[in-house]
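>
Protein chains: 2
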Amino acid sequence: MARTLARRADVIGPIAEAFREHGYDGATLSLISKATGLGKGSLYHFFPGGKEEMAKAVLIEVEAWFEAQIFARLETGERSAAEIGRMFDAVAEYFRSGRRVCLVGAFALSDSRDHFAVALRAYFDRWIAALKQALIRAGCDEAAAAGLAEEAVAGVQGAIVLARALDDPAVFARCIARLKARLEPRPSA
Amino acid sequence: MARTLARRADVIGPIAEAFREHGYDGATLSLISKATGLGKGSLYHFFPGGKEEMAKAVLIEVEAWFEAQIFARLETGERSAAEIGRMFDAVAEYFRSGRRVCLVGAFALSDSRDHFAVALRAYFDRWIAALKQALIRAGCDEAAAAGLAEEAVAGVQGAIVLARALDDPAVFARCIARLKARLEPRPSA
DNA sequence: GTCTATAAAGCGATAGAC
DNA sequence: GTCTATCGCTTTATAGAC
Chain A
1 MARTLARRAD VIGPIAEAFR EHGYDGATLS LISKATGLGK GSLYHFFPGG KEEMAKAVLI
61 EVEAWFEAQI FARLETGERS AAEIGRMFDA VAEYFRSGRR VCLVGAFALS DSRDHFAVAL
121 RAYFDRWIAA LKQALIRAGC DEAAAAGLAE EAVAGVQGAI VLARALDDPA VFARCIARLK
181 ARLEPRPSA
Chain B
190 MARTLARRAD VIGPIAEAFR EHGYDGATLS LISKATGLGK GSLYHFFPGG KEEMAKAVLI
250 EVEAWFEAQI FARLETGERS AAEIGRMFDA VAEYFRSGRR VCLVGAFALS DSRDHFAVAL
310 RAYFDRWIAA LKQALIRAGC DEAAAAGLAE EAVAGVQGAI VLARALDDPA VFARCIARLK
370 ARLEPRPSA
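Just so you know, the protein sequences line up as chains A and B, in that order. Under my numbering, the residue at position 115 of the first sequence is numbered 115, and the numbers go up by one with no gaps. Under my numbering, the residue at position 139 of the second sequence is numbered 328, and the numbers go up by one with no gaps.
1) Considering Cα atoms alone, identify which of Gln258(B), Thr225(B) and Ile201(B) is closest to Met243(B).
2) Whole-angstrom Cβ separation of Asp111(A) and Gly212(B), contact assumed at under 8 Å?
3) Have a look at Leu29(A) and Phe296(B) and give me their C-alpha separation to the nearest angstrom.
4) Short of 7 Å in beta carbon distance, which residues of its chain neighbour Pro14(A), apart from the five on each side in sequence? Order them along the chain.
5) How would you label Arg288(B), buried or exposed, when you count the other beta carbons within 10 angstroms and need 16 or more for buried?
6) I need the DSSP call for Pro374(B), collapsed to helix, strand or coil.
7) Buried or exposed: Ala119(A), going by 16 or more other Cβ atoms within 10 Å of its Cβ?
8) Quick one: is Glu151(A) near chain B, going by C-beta distance under 8 Å?
9) Within 8 Å (strictly less), CB to CB, does His304(B) reach chain A?
10) According to the Cβ coordinates, are Gly158(A) and Val345(B) closer than 8 Å?
11) Only counting the same chain, and skipping five residues up and downstream in sequence, which positions put a Cβ closer than 8 Å to that of Val153(A)?
12) At 3 residues or longer, and completely inside the stretch 44-101 of chain A: list those beta strand (DSSP E) runs for me, N to C.
13) Should Ala64(A) go down as buried or exposed, given a rule of 16 or more other Cβ atoms within 10 Å for buried?
14) Suppose contacts are defined by Cβ-Cβ distances below 8 Å. Is Gly26(A) in contact with Asp214(B) by that definition?
15) Phe313(B) versus chain A: which residues are under 7 Å apart at the beta carbon?
16) Quick check on the DSSP output: what are the complete alpha helix (DSSP H) runs of length 4 or more inside the stretch 115-187 of chain A, in order along the chain?
17) Can the beta-carbon of Ala134(A) be found closer than 8 Å to that of Ile84(A)?
18) Could you check whether the Cβ of Leu59(A) sits closer than 8 Å to any Cβ belonging to chain B?
19) Using Cβ-Cβ distances below 9 Å, what residues of the stretch 91-103 of chain A are close to chain B?
20) Counting C-beta neighbours from all protein chains within 10 Å, is the total for Leu194(B) 16 or more, i.e. buried, or is it exposed?
21) Please tell me whether Asp300(B) has its Cβ less than 8 Å away from any Cβ of chain A.
22) Around the Cβ of Glu373(B), are there at least 16 other Cβ atoms within 10 angstroms (buried) or fewer (exposed)?
23) Just the C-alpha distance for Ala165(A) and Ala261(B), rounded to the nearest angstrom, thanks.
24) So what's Gly105(A) in DSSP terms, helix, strand or just coil?
25) Please state if the CB of Arg367(B) and the CB of Gly147(A) are separated by a distance shorter than 8 Å.
26) Classify Leu38(A) as helix, strand or coil using the three-state DSSP reduction.
27) Looking at the structure shown, is Ser301(B) part of a helix, part of a strand, or coil, going by DSSP?
28) Give every residue of the same chain whose Cβ lies closer than 7 Å to the Cβ of Arg363(B), excluding the five residues on either side of it in the sequence, and list them in chain order.
What follows is the structure, given as structure tokens:
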């Protein structure tokens, strides 16, 4: 039952990777064509709105992945302290210890921020809200949880920037380990 | 004594701003031309290597600014605890509470990272080393200082990303305030 | 030192055959 | 659904007048 014809869902992953590696401007249609194995004609068949529609589809898919794999579990997982630890592990794997860029973070620093403002804000708002909820359920008071959640999400983004600039995944690992330790509930809290 | 002819040094600032606002790819020569008020002919007169030479010149100028205004004072300032606080204030002003992107951080996330790898690494290595030195002089032991310095520099970058994504300078201010508090020497340390 | 004109290449996007 | 050919435009970079 080999599928020879592509579905739209099949090409979003490779397109996302092209945007991560080259940025919005740098990911030219010919690069995207190479990454997906599809000609421009096919790409415009799936995304009539062109490059901008591709980027929006990618952002939607990225948030859906985080929602299913990370955000939802933070809010509803039974042992929420364990879920927080799991979040850091999942994030380290997803971003490949800083070798892989966060698409949303990269767009936030780029020229295209205003174009995708709604999606960028939604992603980070949601992440912070889910993490805050997990912290509260783990015993934090609300104010402390809000601060720690914001700090951790910013910290992950900073870890990616720094690890890429120094070209050293160990930097990323250390940053994540520090955040993880800081968000662990301690007897004194 | 009005100067009508431009010097190379006069145009690096506007070029830096163009790269910050639009990224390396997005900062086209016609945008740079508009930002500097100079035609392409003049730009190539100052930077025969074209856009790449402009970016390298900008990175050198940025590091020189940080060296003079921040790094050197961290290492040699008399009251090093006060210098650390001053660093956060200077950084908040320089990055305009996250409204202004860190050029080095943005390059690190972008496609052009490999092209400017040496400059990116130098900037962050230097920042971390200077901050670590200040922390040691303020009473930290070496291991703690290394961790705190790395955490703070990453934290600043993350604060910029997050504040831009959420389009909220208050996010930046809170992140910086938390970092500042964490690096303050306390009696228990 | 500054400009305009221009070259050569690549861009996003479209048309239309299959 | 996929492709090739092509349009119109912008890009970086160069040439040469002033």
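Positions of the beta carbon are idealized from the N, C-alpha and C atoms, including for glycine. None of the values given here were measured: they were computed from a predicted structure.
Straight from the coordinates:
1) Working through the second sequence from its first residue, we reach residue 243(B) at position 54. Per the Cα distances, Ile201(B).
2) Indexing the first sequence from 1 puts residue 111(A) at position 111. Indexing the second sequence from 1 puts residue 212(B) at position 23. About 5 Å separates the two Cβ atoms, so the contact holds.
3) Here residue 29(A) refers to the residue found at position 29 of the first sequence. Here residue 296(B) refers to the residue found at position 107 of the second sequence. In a straight line, the C-alpha of Leu29(A) is about 22 Å away from that of Phe296(B).
4) Locating residue 14(A) in the first sequence gives position 14, where the first residue counts as 1. Excluding residues within five positions, the ones whose Cβ falls inside 7 Å are Ala35 and Thr36.
5) In the second sequence, the residue the question calls residue 288(B) occupies position 99. Burial call: exposed.
6) Stepping through the second sequence from its first residue, residue 374(B) is reached at position 185. Note: Pro374(B) maps to coil in three-state DSSP.
7) Position 119 of the first sequence, counted from the start, is the residue given in the question as residue 119(A). Ala119(A) comes out buried.
8) Reading the first sequence from its first residue, position 151 is the one you call residue 151(A). Chain B, which has a Cβ nearer than 8 Å to the Cβ of Glu151(A), makes this yes.
9) Within the second sequence, residue 304(B) is the residue found at index 115, counting from 1. At least 8 Å separates the CB of His304(B) from every CB of chain A.
10) Position 158 of the first sequence, counted from the first residue, corresponds to residue 158(A). Position 156 of the second sequence, counted from the first residue, corresponds to residue 345(B). Closer than 8 Å, so yes.
11) Start at 1 with the first residue of the first sequence, and residue 153(A) comes out as number 153. Beyond the five residues adjoining it in sequence on each side, Val153(A) comes within less than 8 Å, by CB distance, of Phe124, Trp127, Ile128 and Leu131 in the same chain, given in chain order.
12) If we require 3 residues or more, the stretch 44-101 of chain A turns out to have no beta strand (DSSP E) run fully inside it.
13) Locating residue 64(A) in the first sequence gives position 64, counting from the first residue. Exposed is the call here.
14) Taking the first sequence and counting its residues from 1, the one referred to as residue 26(A) is at position 26. Taking the second sequence and counting its residues from 1, the one referred to as residue 214(B) is at position 25. Yes.
15) One-based indexing of the second sequence puts residue 313(B) at position 124. Within chain A, the residues near Phe313(B) are Leu162, Ala165 and Leu166.
16) Within the stretch 115-187 of chain A, complete alpha helix (DSSP H) segments of at least 4 residues are found at 117-137, 142-166 and 169-183, given in chain order.
17) For the purposes of this step, residue 134(A) is identified with residue 134 of the first sequence, where counting begins at 1. For the purposes of this step, residue 84(A) is identified with residue 84 of the first sequence, where counting begins at 1. Result yes, Cβ atoms of Ala134(A) and Ile84(A) sit closer than 8 Å.
18) Residue 59(A) sits at position 59 when you count from the first residue of the first sequence. So, not an interface residue.
19) Residues passing the 9 Å Cβ filter: Val101 and Cys102.
20) Stepping through the second sequence from its first residue, residue 194(B) is reached at position 5. So Leu194(B) counts as exposed.
21) By 1-based counting over the second sequence, the position of residue 300(B) is 111. Chain A contact via Cβ: present.
22) Reading the second sequence from its first residue, position 184 is the one you call residue 373(B). Exposure of Glu373(B) is indicated by the presence of fewer than 16 other C-beta atoms within 10 angstroms of its C-beta.
23) Looking up residue 165(A) in the first sequence gives position 165. Looking up residue 261(B) in the second sequence gives position 72. Distance between the alpha carbons of Ala165(A) and Ala261(B): 21 Å.
24) On the first sequence, residue 105(A) is found 105 positions in, with the first residue counted as 1. If DSSP states are grouped into helix, strand and coil, Gly105(A) belongs with the helices.
25) Counting from 1 along the first sequence, the entry for residue 147(A) is found at position 147. Counting from 1 along the second sequence, the entry for residue 367(B) is found at position 178. Their beta carbons are under 8 Å apart, which means Gly147(A) touches Arg367(B) by this criterion.
26) Taking the first residue of the first sequence as position 1, residue 38(A) is located at position 38. Of the three classes helix, strand and coil, the one that applies to Leu38(A) here is coil, per DSSP.
27) Residue numbering aside, residue 301(B) sits at position 112 when the second sequence is read from its first letter. Of the three classes helix, strand and coil, the one that applies to Ser301(B) here is helix, per DSSP.
28) For the purposes of this step, residue 363(B) is taken as residue 174 along the second sequence, with counting starting at 1. Correct list: empty, nothing qualifies.
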